[in-house]
Amino acid sequence: MFASHSAQANLTASETYVGSQECQQCHQAEFENWQQSDHFKAMAEPNADTVLGDFTDVTVEFHNIKTRFFIKNNDYYIDTIGKKGIRKTYKVDYTFGHYPLQQYLLKTEKGNIQAFNIAWDSRKKSEGGQRWFHLQPDENITPDHAFFWDGYFQNWNTRCAECHSTNVEKNFKVEDLSYHTTFSEINVGCEACHGPGKQHITNMKDGKTSKSELALAFVKQPKLSWEFVENDPIANPIGEKSETHIDMCGGCHSRRLPISDIKTGKPYHEQYRLELLGENLYFPDGQIQDEVFVLGSFLQSKMHQAGVTCQNCHEPHSSKLIAEGNALCNQCHLPTEFDTPKHYNHAKESEAAQCVSCHMPTRTYMGVDDRRDHGFKVPHPDVSDKETPNACTNCHQDKDNGWASKNINNWLTSHNKPKQTEAKWITANKKARSLDALANAKVAATASDETLPPIIRATLYQQLSNYPSRISVQGAQFGLLDKSPMIRRAAVASLTSLPADMRWQILEPMLKDTNASVRFEVASALSDVMTQLPAQAQQQIKPLIGIYKKGLELSAESPSSQVALANLASRQGDWKQAEQHYKIALKISPNYIPAILNLADYYRSQNKTDLELKHIQHALKVMPDSSAVQHTYGLYLIRQQKYNEAVSYLKEAAELADAQPRYAYVYAVALDSVKQTHRAIQALQNADKRWPNQYELLATQVLFLEKLGRTNDILRPLSKLSMIAPSSPQVQQWVQKYARQ
1 MFASHSAQAN
11 LTASETYVGS
21 QECQQCHQAE
31 FENWQQSDHF
41 KAMAEPNADT
51 VLGDFTDVTV
61 EFHNIKTRFF
71 IKNNDYYIDT
81 IGKKGIRKTY
91 KVDYTFGHYP
101 LQQYLLKTEK
111 GNIQAFNIAW
121 DSRKKSEGGQ
131 RWFHLQPDEN
141 ITPDHAFFWD
151 GYFQNWNTRC
161 AECHSTNVEK
171 NFKVEDLSYH
181 TTFSEINVGC
191 EACHGPGKQH
201 ITNMKDGKTS
211 KSELALAFVK
221 QPKLSWEFVE
231 NDPIANPIGE
241 KSETHIDMCG
251 GCHSRRLPIS
261 DIKTGKPYHE
271 QYRLELLGEN
281 LYFPDGQIQD
291 EVFVLGSFLQ
301 SKMHQAGVTC
311 QNCHEPHSSK
321 LIAEGNALCN
331 QCHLPTEFDT
341 PKHYNHAKES
351 EAAQCVSCHM
361 PTRTYMGVDD
371 RRDHGFKVPH
381 PDVSDKETPN
391 ACTNCHQDKD
401 NGWASKNINN
411 WLTSHNKPKQ
421 TEAKWITANK
431 KARSLDALAN
441 AKVAATASDE
451 TLPPIIRATL
461 YQQLSNYPSR
471 ISVQGAQFGL
481 LDKSPMIRRA
491 AVASLTSLPA
501 DMRWQILEPM
511 LKDTNASVRF
521 EVASALSDVM
531 TQLPAQAQQQ
541 IKPLIGIYKK
551 GLELSAESPS
561 SQVALANLAS
571 RQGDWKQAEQ
581 HYKIALKISP
591 NYIPAILNLA
601 DYYRSQNKTD
611 LELKHIQHAL
621 KVMPDSSAVQ
631 HTYGLYLIRQ
641 QKYNEAVSYL
651 KEAAELADAQ
661 PRYAYVYAVA
671 LDSVKQTHRA
681 IQALQNADKR
691 WPNQYELLAT
701 QVLFLEKLGR
711 TNDILRPLSK
721 LSMIAPSSPQ
731 VQQWVQKYAR
741 Q
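The sequence shown begins at 1 in UniProt numbering and counts up one residue at a time.
What follows is the structure, encoded as C-alpha cells:
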C-alpha cells in the first residue's frame, strides 16, 4: 500500500512531514522554481499530463518479447511477459522521471513495484527520440535474466524509491520477502532536503522566526564570496568553506551504502559508505565509468577543494544552471584568460570552445542519458589507455591518443607553457590496479600526499591491502590519523590481510573513532579474526559488530547485504545462519553469483557434493564469462580427479577479463600436474605481463624452469624476485645458485 503520510503515525511534531503545498504560501518563488525541476518530476501518478510515452495501442518487440501499451477507462496499461514467462496485463501505477527518458512503475506481488525496462525516449524526434526503447538492448533479456524487468535489479522499493520520493520507508519483511513501502510525498519535495516541516510551520505561526528557531534539518548556507585579485585569473574564496551541501545533496547523488538510519541534515559519512574510485566504477584517471552519479567525481575536483558547492552552479530549487554556456564558468575564471582561443585552441563559438566540452565530457547511461563528469579534469591523452576515454578523442574519433598528446604539447610549447606531465596519482593508481608488487612504495607515498583530494588518497590507501608489507602497514598507520573519514576508513580496509594479533593491535584505538563509516569498516576488518583474539578483546569488539550487523540489515532486501550477513555469520562460526542468508539472497535474486558460489563452497565444506555441483552448474549457466565461476568449477573437477577436463576451465578462468593472479597460478599448477610444464611456464609468463611482479607467479616459474632444466631462463624471473623479496631465504638460495651462471 502507498499512502501519503502513512509513515508518520508515531512521529513527534518536529518529525512530522506536511507536504510541499504547505510551503507554498510563504515560499512562492521557491515553490514555482521547484515545479520546474527534475525533483518535482521524479515520480508521479499517471495521467494525460504526466505520461509522455505513446500508449495509443502500440505494440513493440524486444528480445523476442512483444509488449503492448494501451489506455482503458483513462488508465494506462502494459501487456507483456512477466515472471516465469507468463503473459499478463499490468496497470501503470506511476511515471518515473521525465527527460531524457521516462519509465513506468508496475505493481507485481508482495508489494513489489518494478521499473519496466522498456522506456520512452522523451527527446525530440530530430534527436532520435519519441520512441520506445529497451534499456538493455545488447543482452538477451529473458525471464531468467538478472536484468529482467520483474527481478531485483529493476525493483523500485529498494533500488530507486528513497531518492525519487520524500520520507520513504521501505518496510521490507525478510520472512516473506514482502514490501509495505510508504512515502510522505510522491516526488522529491521540499522536506526531502529541508527535513520535516510541521515544527517549522508551528514556530513561524508563533512568531519564532530567529535562525535558531527555524526547526529545519537543512537551511541554505551562505555562498562563499569569490573575488579576483591582481595577477590571478581564478577567483579566490572569501569566507568559511562548508560541507553542508555535500551532506544534503550527496546522499542521492552518489554511489553508496546506507550504514545507519537516513536522516536529513545528518553528515554524509555518518549515514553512508561512499564507493571510492574503484575498478569498473571509475576509469584509472578517475573519470566516471559505471553509473556512479556525481559526488565521487566532484570530490576529486579542484573546485571542491577550493570551496565550490552545488549552489555555485545550480539554482537549488529548480536545479537549473544559474548561467548558460561559458558564462557559468566565467564567474570564477577570468574570461580574458580562459574564454579565448589562446586557451581552448579551437574556433570561437564552436562546440569545442565550450568549457564543458573539454572539462566535463559526457558519458551515456540508460541508452540516451548523457551525463557530465563533475571532476572538471584537464584532458590527459598522454595517460589514456585503450579503455580510458579523453575529451580529445571523444571528438576526434578518427585519431588516437598519441596524436592528441602530441598536438596538445606542440600547442603548449607554442604558447610558452610547460608540456603535460603524467599526474603522479594516475600512475600510482594504474600500478595499483595491475597489482604490481613493486608499486608498493609509490602507492603508499602518493596516498600520503596531502595536496591530493581525500577521495583519491583514500582510493590509493584502500589498494594497499594488495601489498601486505612493512611499507603498506606504515602507510596505513599514517592514514589512520588523517582528518578525513574517507582516508581513515580506507586505511582500515588496507589492513585486512594482517594476522589477527597485529590487526587488533593497530585497530583497537579505532573502535572509538568519531565517524560512523570508519567504525563500520573497523567492525568489518575485525569480524573475521574476532574469534582468534583474547576474551577481553572479543568483548570490546562485540558491540561494534552488533552495530555493523544492524547497518547491513538496513539493506536486508539486497542480495549483496545478505551475502555480507552470511559472511559475518560464518566468521563467527554460525554456518547454519550463513546458509540461511545465502538462501535468502538467492530467493531475492536467483542468479546472484556471489551467493551461488559461496553456498556451493559451504556445501563443499559439508561434503554435500551433489548440492555443490548443482549450484556451480547453475552459475555456469547464468554467467559463463565469470572467471570466479570457471575457476570454481575447475577446482571442483580437480577434487573429482578429472584433471584434464579441469584444465580447460582453469585456463578460461585465468584469461577472462575479470581474472586475478591466483587463478593464473592455479591454472599453471594444473598444467604441470598433467605433464604440460612447458605450457605452464608460458601461462606464468603471460600472467606476469598482465600482473607484473607477483611473487607467487615468479617463484612458481622458477620452480618449473628448474624442473625442466631450463636454468638459462631462470635469471629473468629471479631478478624480479630479488627486487620484490630480497630477504626471502628461498630467493637468496636461488640467487646463490644461479646468479653466477
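A virtual CB, placed ideally from N, CA and C, is assigned to each residue, including glycine. Because the structure is a prediction, the values reported are computed rather than measured.
For L105, which of helix, strand or coil comes out of DSSP? To locate residue 105, count along the sequence shown from 1; it is residue 105. In the structure shown, L105 falls within a strand segment according to DSSP collapsed to helix, strand and coil.
Cα-Cα separation, D247 to P267: Here residue 247 refers to the residue found at position 247 of the sequence shown. Here residue 267 refers to the residue found at position 267 of the sequence shown. C-alpha of D247 to C-alpha of P267: approximately 5 Å in a straight line.
Please classify N390: is it buried, with 16 or more other beta-carbons within 10 angstroms of its beta-carbon, or exposed? What you label residue 390 is simply residue 390 of the sequence shown in a count that begins at 1. In this structure N390 is buried. Its beta-carbon is surrounded by 16 or more other beta-carbon atoms within 10 angstroms.
Residue range of the beta strand (DSSP E) that S225 falls in? Locating residue 225 in the sequence shown gives position 225, where the first residue counts as 1. Taken as a continuous stretch (DSSP letters only), the beta strand (DSSP E) holding S225 covers 225 to 227.
Can you tell me which residues form a DSSP beta bridge with S254? Locating residue 254 in the sequence shown gives position 254, counting from the first residue. F293, per the DSSP bridge assignment.
Quick one, are the C-beta atoms of A687 and L697 less than 8 Å apart? Working through the sequence shown from its first residue, we reach residue 687 at position 687. Working through the sequence shown from its first residue, we reach residue 697 at position 697. Going by beta carbons, A687 and L697 fall inside the 8 Å limit.
I'd like to check one pair, L511 with Q540: are the Cβ atoms closer than 8 Å? The residue labelled residue 540 in the question sits at position 540 within the sequence shown. The residue labelled residue 511 in the question sits at position 511 within the sequence shown. Yes, Cβ-Cβ distance for Q540 and L511 is below 8 Å.
Would you call P233 buried or exposed, if buried means 16 or more other Cβ atoms sit within 10 Å of its Cβ? Position 233 of the sequence shown, counted from the start, is the residue given in the question as residue 233. P233 is exposed by the Cβ-count criterion.
Whole runs of the alpha helix (DSSP H) within the segment 78 to 163, excluding any shorter than 4 residues: The segment 78 to 163 contains, as complete alpha helix (DSSP H) runs of 4+ residues, the segments 156 to 159 (chain order).
Decide if N712 is buried, meaning its Cβ has at least 16 other Cβ atoms within 10 Å, or exposed. Position 712 of the sequence shown, counted from the first residue, corresponds to residue 712. The residue in question, N712, is exposed, as its Cβ has fewer than 16 Cβ neighbours within 10 Å.
Within a Cβ cutoff of 6 Å, which residues of the same chain sit near P341, ignoring the five residues on either side of it in sequence? What you label residue 341 is simply residue 341 of the sequence shown in a count that begins at 1. K348.
T67 to M303 span [Cα, whole Å]: The residue given as residue 67 occupies position 67 in the sequence shown. The residue given as residue 303 occupies position 303 in the sequence shown. Near 46 Å, if we compare the C-alpha coordinates of M303 and T67.
Return the CA-CA distance between N280 and Q732, expressed in angstroms with no decimal places. Residue mapping note: residue 280 aligns to position 280 of the sequence shown, counting from 1. Residue mapping note: residue 732 aligns to position 732 of the sequence shown, counting from 1. Distance between the alpha carbons of N280 and Q732: 39 Å.
Are the beta-carbon atoms of P196 and E15 separated by less than 8 Å? Numbered from 1 along the sequence shown, position 196 holds the residue referred to as residue 196. Numbered from 1 along the sequence shown, position 15 holds the residue referred to as residue 15. Yes, Cβ-Cβ distance for P196 and E15 is below 8 Å.
With a cut-off of 8 Å, do at least 3 Cβ pairs link the segment 392 to 399 to the segment 424 to 433? Touching, no.
Can you give the Cα-Cα distance for Q114 and W149, rounded to whole angstroms? Residue 114 sits at position 114 when you count from the first residue of the sequence shown. Residue 149 sits at position 149 when you count from the first residue of the sequence shown. Approximately 7 Å, taken between the alpha carbons.
Can you list, in chain order, the residues of its chain with a C-beta nearer than 6 Å to that of P729? Leave out the 5 residues immediately preceding and following it. Residue mapping note: residue 729 aligns to position 729 of the sequence shown, counting from 1. Excluding positions up to five away in sequence, the list is empty.
Which whole-angstrom value is the C-beta distance of C355 and C329, which I expect to be below 8 Å? What you label residue 355 is simply residue 355 of the sequence shown in a count that begins at 1. What you label residue 329 is simply residue 329 of the sequence shown in a count that begins at 1. Sure, about 4 Å apart at Cβ, within 8 Å.
Pair within 8 Å by beta-carbon distance, Q617 and L656: Translated into positions along the sequence shown, residue 617 becomes position 617. Translated into positions along the sequence shown, residue 656 becomes position 656. Annotated as distal: Q617 and L656, with beta-carbon spacing of 8 Å or more.
Go ahead and pull the three-state DSSP assignment for E15. As a working mapping, residue 15 is identified with position 15 in the sequence shown. Correct three-state label for E15: helix.
Please work out which residues of its chain come closer than 6 Å, Cβ to Cβ, to E270, disregarding the five sequence neighbours upstream and downstream, and give them in chain order. To locate residue 270, count along the sequence shown from 1; it is residue 270. Only A516 meet the Cβ criterion.
Using the C-alpha atoms, what's the distance from G85 back to D672? For the purposes of this step, residue 672 is taken as residue 672 along the sequence shown, with counting starting at 1. For the purposes of this step, residue 85 is taken as residue 85 along the sequence shown, with counting starting at 1. Whole-angstrom Cα-Cα distance: 47 Å.
Give me, in chain order, the residues of the same chain whose beta-carbon lies closer than 8 Å to that of S555; leave out the 5 immediate sequence neighbours on both sides. Here residue 555 corresponds to residue number 555 of the sequence shown, with the count starting at 1. Once the five neighbours on either side are set aside, the close Cβ partners of S555 are T158, L257, P258, S561.
Name, in chain order, the residues that DSSP records as bridge partners for T67. As a first step, residue 67 must be located in the sequence shown, where it is residue number 67. T67 pairs with V60.
Is it true that the segment 619 to 636 meets the segment 581 to 595, where meeting means three or more beta-carbon pairs spaced less than 8 Å apart? Yes, they touch.
Does the beta-carbon of N401 have 16 or more other beta-carbons within 10 angstroms, so that it is buried, or is it exposed? By one-based count along the sequence shown, residue 401 stands at place 401. Note on N401: 16 or more other CB atoms within 10 angstroms of its CB, so buried under the neighbour-count rule.
Please report the distance separating the alpha-carbon of W734 from that of E652. Your numbering for residue 734 matches position 734 in the sequence shown. Your numbering for residue 652 matches position 652 in the sequence shown. Between W734 and E652, the C-alpha separation is close to 32 Å.
Whose C-alpha, out of K689, G546, A664, I201, is nearest the C-alpha of E213? Residue mapping note: residue 213 aligns to position 213 of the sequence shown, counting from 1. Looking at K689, G546, A664, I201, the one whose alpha-carbon comes closest to that of E213 is I201.
What residue range is occupied by the uninterrupted alpha helix (DSSP H) comprising L705? Stepping through the sequence shown from its first residue, residue 705 is reached at position 705. L705 -> alpha helix (DSSP H) spans 695 to 707.
Taking DSSP as the reference, what is the three-state secondary structure of P237? If you number the sequence shown from 1, residue 237 lands on position 237. Here DSSP, grouped into helix, strand and coil, assigns P237 to strand.
Do A458 and L650 count as a contact pair if the criterion is CB distance below 8 Å? As a position in the sequence shown, residue 650 is number 650, starting the count at 1. As a position in the sequence shown, residue 458 is number 458, starting the count at 1. No.
Assuming V563 and Y548 make a contact with CB atoms under 8 Å, what is their CB distance in whole Å? On the sequence shown, residue 563 is found 563 positions in, with the first residue counted as 1. On the sequence shown, residue 548 is found 548 positions in, with the first residue counted as 1. Rounded to the nearest angstrom, the Cβ distance from V563 to Y548 is 15 Å, too far for a contact under 8 Å.
Where F172 sits in the DSSP three-state scheme: For the purposes of this step, residue 172 is taken as residue 172 along the sequence shown, with counting starting at 1. In this structure, F172 counts as strand in the three-state DSSP scheme.
At the level of alpha carbons, what is the spacing between K320 and K621? Numbered from 1 along the sequence shown, position 320 holds the residue referred to as residue 320. Numbered from 1 along the sequence shown, position 621 holds the residue referred to as residue 621. Rounded to whole angstroms, K320 to K621 spans 47 Å at the Cα level.
If we call anything under 8 Å between Cβ atoms a contact, is E337 one with H343? By one-based count along the sequence shown, residue 337 stands at place 337. By one-based count along the sequence shown, residue 343 stands at place 343. The answer is yes: Cβ separation under 8 Å.
Could you tell me the boundaries of the alpha helix (DSSP H) in which T244 lies? Looking up residue 244 in the sequence shown gives position 244. Where T244 is concerned, the enclosing alpha helix (DSSP H) stretches over 244 to 249.
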